[in-house]
Amino acid sequence: MNETINMILERRSTRKFKPDMLGRNELDAIINAGIYAPSAMNQQSWDFTVIRSQEKIDLLNENSKKALAEMNYSNSHDHIFYHAPVVIIVSFHKEAMFPMADCSATIQNMLIAAHSLGIGSCWIGGAITYFTTGDRNREFDIPETHKPYFTIALGYEDYTDANRPARKSGTFRFLE
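Quick note on this note's numbering: the sequence shown kicks off at 5 and runs consecutively.
See the structure below:
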């Protein structure tokens, strides 16, 4: 198989990170891969907030865990970002045509790009619960025209798990 397909098939979510900070060039490459994702009507409705401050990541973690608890959702992890040194909040423009599809495509591009650079990643949804009430965008420098969609935890993997779950089979069919 070719290199791109191998990257897609090998990539898995990382849930244990080393504390080492990612370089600016690596982050720029990952974000640039996201910017080149397809989007409905080429609206490119996404916006990225890159958090490299552990204090801000911990604040988002604590507030998100409180918001999840208020929704009666328990999270067994002590840190919803798994202590990753970088978190990216992916937001979409509120007036975009299909913003969730746009952001999902950009996130997938970013996850694959990170893997290709030897960087672990995890697509995390629970943090967004914090942004559902009040004026939270300002705290994280998110434009008022945008709504946070999902987050990505990024960092170097602190383990290699050879027993990662297999993918489900039988989930497609051909109509000819």
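Quick reminder that beta carbons are idealized off the backbone N, C-alpha and C, glycines included.
Annotated three-state conformation of Asp62 is helix, per DSSP.
For Pro152, no alpha helix (DSSP H) segment is defined; the enclosing uninterrupted segment is the beta strand (DSSP E) at His150 to Gly159. In terms of Cβ geometry, Ala131 and Asn46 do not form a close pair [threshold 9 Å]. Distance from the CA of Thr136 to the CA of Ser49, rounded to the nearest whole angstrom, comes to 19 Å. Our two residues, Ser108 and Ser95, have alpha carbons roughly 10 Å apart in a direct line. Here DSSP, grouped into helix, strand and coil, assigns Gly130 to helix.
Ile111 is not a Cβ neighbour of Leu158, given a cutoff of 9 Å.
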